[in-house]
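Letter by letter, the sequence shown follows residues 1031 to 1657 of our numbering.
Ideal Cβ positions, reconstructed from N, Cα and C, are used throughout, including at glycine.
Quick notes on the structure that follows.
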Amino acid sequence: TSVLEINGVSEDFQAGKPYHLEWIDKRTWQTSLECVGSFVQGPISIPLIRVHKGLKTVDVHLRNQGKAAADIGDMTIAGKKIISSTLVGKRLEPQGHAICRLELDDGFSRSELLIAKVDYHQRGKTHQVMAHRRAFADNFPIGTWGAEPEQYPSQRKHHIDTCVKGGDPTSAFYRKEALRFGYRSLSSVHLNHMALWKEEAPNPIIACLQLSDEPDWVTHPQQVLLQDNLVRRSYSHAPTMTTLCRNVTFFEYAPIVDLPCMDHYCVTAPSTSQWPNVFGTRLEETGIYTRDLKVASEPKPIWVWSQGLFDWDERPEQSVPTPEELGVQLVQNIGNGTKGILWFTFREGPGQQFPATKKAIQEWGRVLRLLRGDLLESEPMLPSGISAPPTVDCFALVTMSKLIVCLTNKQYLMASSGYQFKPIKDLEVQINLPSWMQPSGMVQLTPKGIQSVSHRYKEGKLVVSLDLLNDAAILVASNEPNAEDVYQARLRSILSDEDRDFSKGMCALVECRMQRHAQPEIQSSEEVMPLAIGADVDEVLHIDIAEPSLASTRTEGHEPAWNLKVSSKKGDQGLSQEGYLLPNGNIVCRITNSKRQSRSVAIHQGNLCFMKTLPSESTAMFTWPAR
1031 TSVLEINGVS
1041 EDFQAGKPYH
1051 LEWIDKRTWQ
1061 TSLECVGSFV
1071 QGPISIPLIR
1081 VHKGLKTVDV
1091 HLRNQGKAAA
1101 DIGDMTIAGK
1111 KIISSTLVGK
1121 RLEPQGHAIC
1131 RLELDDGFSR
1141 SELLIAKVDY
1151 HQRGKTHQVM
1161 AHRRAFADNF
1171 PIGTWGAEPE
1181 QYPSQRKHHI
1191 DTCVKGGDPT
1201 SAFYRKEALR
1211 FGYRSLSSVH
1221 LNHMALWKEE
1231 APNPIIACLQ
1241 LSDEPDWVTH
1251 PQQVLLQDNL
1261 VRRSYSHAPT
1271 MTTLCRNVTF
1281 FEYAPIVDLP
1291 CMDHYCVTAP
1301 STSQWPNVFG
1311 TRLEETGIYT
1321 RDLKVASEPK
1331 PIWVWSQGLF
1341 DWDERPEQSV
1351 PTPEELGVQL
1361 VQNIGNGTKG
1371 ILWFTFREGP
1381 GQQFPATKKA
1391 IQEWGRVLRL
1401 LRGDLLESEP
1411 MLPSGISAPP
1421 TVDCFALVTM
1431 SKLIVCLTNK
1441 QYLMASSGYQ
1451 FKPIKDLEVQ
1461 INLPSWMQPS
1471 GMVQLTPKGI
1481 QSVSHRYKEG
1491 KLVVSLDLLN
1501 DAAILVASNE
1511 PNAEDVYQAR
1521 LRSILSDEDR
1531 DFSKGMCALV
1541 ECRMQRHAQP
1551 EIQSSEEVMP
1561 LAIGADVDEV
1571 LHIDIAEPSL
1581 ASTRTEGHEP
1591 AWNLKVSSKK
1601 GDQGLSQEGY
1611 LLPNGNIVCR
1621 ITNSKRQSRS
1631 VAIHQGNLCF
1641 MKTLPSESTA
1651 MFTWPAR
């Protein structure tokens, strides 16, 4: 199956305009296929296709921007057999949302074309909407521009796990350092180095291939398209990415790459917009850029560079954002739908000069780690269902079981020494909930910790009350009654990383106990190994910490726990596996090999990748702090 994508940005490509397309046979130069009609903008769209780890589970989000309700019908993934589906929001109301999770019999190969088609019924007629992207497992990075070896420990303690690195996949970083410290790489690629990439095996630490930085200044889109095609042919195991800066040209560049990204900063930085002051503009402007990039990129995920520790000279009194300015820009980016946050940047010098801003990156990093899985499967709701005071920006993102509410304070004075916020007291916002959301509790995930939030739920509306909003806040409402307990457990693990010695290596986090079935009374303590690049193992397991089964269970040691989803890539029938999240923030994964031969297993959880060979007829229990 093929897709013809026409990236039309002129006035000829708009609703109501006629089109006439002809396919020409290159042998005869005669018309072989003709298509004539007028452009119609349908009310139903697919704003996001999310691909899970293992490439066998796909989430399809639907959005109704029209004035009439629609009933969702059949969903298909081209060339794939769907073995189960879960649909929430079958009746798609005007300005409403729906989500369908599809489990596939046979997973995608990396970079394979994914085409989703949805039938819907509206006003007595059946319509179809389609969308496509390339299949890569979606990942939410918390990144920065660069990392030197002496910076690794500090960055990792500030929850930064992704960085821009050079284009040599044979360097020490790609071969040893990244696996040791738990990094992923935004790999800068150059066309004159592509021979190296053609010979490179799949490497789990490569988050993406970064084609260029801000090509929309001087590089024609056709040049970027050529570069993208060449890079894809050389290395098809990771998505392509580029960073854009001019929202007026997002539609020309964003459709080209797998991961469009943008950088727009609102204080003490160069800008592509017209600022009211030499030192800065409204903080909400970065959210506008994120929103524009998302619209230009749908249904693909986007990443965003959020302003961090870089000292420009446009504001000498405060050359980096204050903690409040940093937080508002971050929450604006999250609320508008980014699927990755990259700090620009994490320089040591500015961090020493402005320790409060450096601390804010660490503290907001806790929130990002708590939320990253939820954000991957979320999609912004349309603003028509949100009611908030004019002094507040309110965004609502929805998943199959949670509502994420992002709030930023618009009441501030722009000053050369740092924006001065006027706190908002007794804030109340109201959100029209999707039909499947019936929250049993709500929490605020703050940089300092987790706390319950006062709220009311009645007749499909959620009313949220905050005593005080100083700059920015993120709240989560969940259908599950134990969601706060799970967040608290995960926070314990996250906080432990702030004192961890990452130089010992990621595999040092994992405790492994092996038990042979013939001698069940004997357990041996063993080491695990880093996942070798291109390693061929019998089974690949992915553990998803974002979707625990909140019904409490108990482990063999009678410790309360929550079940975690463990997905199998190859479906080895001789292996069984189960995973738990413990209240102390540790994950327990138990794998049983019932075969009379040894089996090698690779386990992925966040940025942790390790492998272990299980002897015949044995059980291994792995324990580590959740990533």
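Note to self: With three or more beta-carbon pairs closer than 8 Å as the criterion, would you say the segment 1133-1150 touches the segment 1262-1274?
What the structure shows: Judged by Cβ distances under 8 Å, the segment 1133-1150 makes contact with the segment 1262-1274, as three or more pairs qualify.
Note to self: What would DSSP say about Leu1457, mapped onto helix, strand or coil?
What the structure shows: DSSP places Leu1457 in the strand class (E or B) of the three-state scheme.
Note to self: For Phe1374 and Thr1174, what's the separation of their Cα atoms in angstroms?
What the structure shows: 6 Å
Item checked: Through-space distance from Ser1349 to Asp1343, alpha-carbon basis -> Near 6 Å, if we compare the C-alpha coordinates of Ser1349 and Asp1343.
Check: Should Arg1520 be labelled buried (16 or more other beta-carbon atoms within 10 Å of its own) or exposed?
Finding: Only buried fits Arg1520, as 16 or more other CB atoms lie within 10 angstroms of its CB.
Next item on the list: For the segment 1165-1203, list the beta strand (DSSP E) runs that are entirely contained and at least 3 residues long, ordered along the chain.
Entry: 1172-1174 and 1192-1195
Margin query: For Cys1542 and Ser1597, I'd like the C-alpha separation in whole angstroms.
Written below: 20 Å
Notebook entry, point to check: How about the segment 1223-1234 and the segment 1150-1166: do they share at least three Cβ pairs that are nearer than 8 Å?
Noted result: no
Check: Nearest to Pro1351 by alpha carbon, out of Pro1245, Gly1367, Glu1407 and Gly1310?
Finding: Gly1310
Margin query: If you reduce the DSSP assignment to three classes, tell me which class Ile1654 lands in.
Written below: Reading off the sequence, residue 1654 comes out as Trp, not Ile. Look at Trp1654 here: in three-state DSSP terms it is strand.
Margin query: Can you tell me whether Cys1542 is helix, strand or coil according to DSSP?
Written below: strand
Next item on the list: For the segment 1298-1372, list the alpha helix (DSSP H) runs that are entirely contained and at least 4 residues long, ordered along the chain.
Entry: As far as the segment 1298-1372 is concerned, its whole alpha helix (DSSP H) runs of at least 4 residues are 1315-1327 and 1353-1365.
Notebook entry, point to check: Across which residues does DSSP place Asn1616 in a beta bridge pair?
Noted result: Pro1655
Checklist line | beta strand (DSSP E) segments (min. 3 residues) lying fully within the segment 1619-1645 | finding: 1629-1635 and 1638-1644
Margin query: Tell me whether the segment 1176-1187 and the segment 1524-1543 touch, counting them as touching only if at least three CB pairs, one residue from each stretch, are closer than 8 Å.
Written below: yes
Note to self: Here's a check: name, in chain order, each residue in its chain whose Cβ is nearer than 6 Å to the Cβ of Leu1638, leaving out the five neighbours to either side.
What the structure shows: Met1536 and Arg1657
Note to self: Assuming contact is defined by CB atoms lying nearer than 8 Å, are Ser1062 and Tyr1049 in contact in what I supplied?
What the structure shows: no
Next item on the list: Go ahead and pull the three-state DSSP assignment for Trp1592.
Entry: strand
Next item on the list: Return the bridge partner residues of Pro1560 from the DSSP annotation.
Entry: Phe1640
Notebook entry, point to check: Distance, Cα to Cα, Asp1456 vs Ser1495?
Noted result: Distance between the alpha carbons of Asp1456 and Ser1495: 7 Å.
Next item on the list: Give me the Cβ distance between Leu1498 and Pro1453, rounded to the nearest whole Å; I'm assuming they're in contact under 8 Å.
Entry: 6 Å
Checklist line | Nearest candidate by alpha-carbon position, reference His1188, set Ala1565, Trp1394 and Ile1552 | finding: Selected option, being the one with the closest Cα: Trp1394.
Item checked: Asn1094: first and last residue of the uninterrupted beta strand (DSSP E) it sits in -> Thr1087 to Asn1094
Item checked: Leu1612 versus Met1411: straight-line alpha-carbon distance, rounded -> 33 Å
Item checked: Contacting residues, own chain, Cβ-Cβ under 6 Å from Pro1251 (five flanking each side not counted) -> Glu1282 and Tyr1283
Next item on the list: Can you have a look at Asn1363 and say buried or exposed, based on whether 16 or more other CB atoms are within 10 angstroms of its CB?
Entry: buried
Note to self: Based on DSSP bridge pairs, tell me the residues matched to Pro1048.
What the structure shows: The partner list for Pro1048 (beta bridge, DSSP) reads Ser1068.
Next item on the list: Compute the Euclidean distance between the alpha carbons of Ser1482 and Asp1515, then round it to the nearest angstrom.
Entry: 11 Å
Item checked: Among Leu1463, Gln1359 and Gly1415, nearest to Lys1440 - alpha-carbon criterion -> Gln1359
Next item on the list: Please report the residue range of the alpha helix (DSSP H) in which Val1254 lies.
Entry: Start and end: Pro1251 to Ser1264.
Checklist line | N- and C-terminal bounds of the alpha helix (DSSP H) containing Asp1515 | finding: For Asp1515, the enclosing alpha helix (DSSP H) has its first and last residue at Ala1513 to Ser1526.
Check: Just the Cα atoms here: how many angstroms apart are His1427 and Leu1092?
Finding: According to the sequence provided, residue 1427 is Leu. The question's His does not apply to it. Rounded to the nearest angstrom, the two C-alpha atoms are 13 Å apart.
Check: Do you know offhand how far Pro1419's Cα is from Cys1436's?
Finding: 14 Å
Margin query: I'd like the span of the beta strand (DSSP E) that includes Met1105, first residue to last.
Written below: Ala1100 to Ile1107
Next item on the list: Pull up the distance between the alpha-carbon of Arg1486 and that of Ser1201, whole angstroms please.
Entry: 55 Å
Note to self: Here's the rule: buried if 16 or more other CB atoms are within 10 angstroms of the residue's CB, otherwise exposed. What is Trp1227?
What the structure shows: buried
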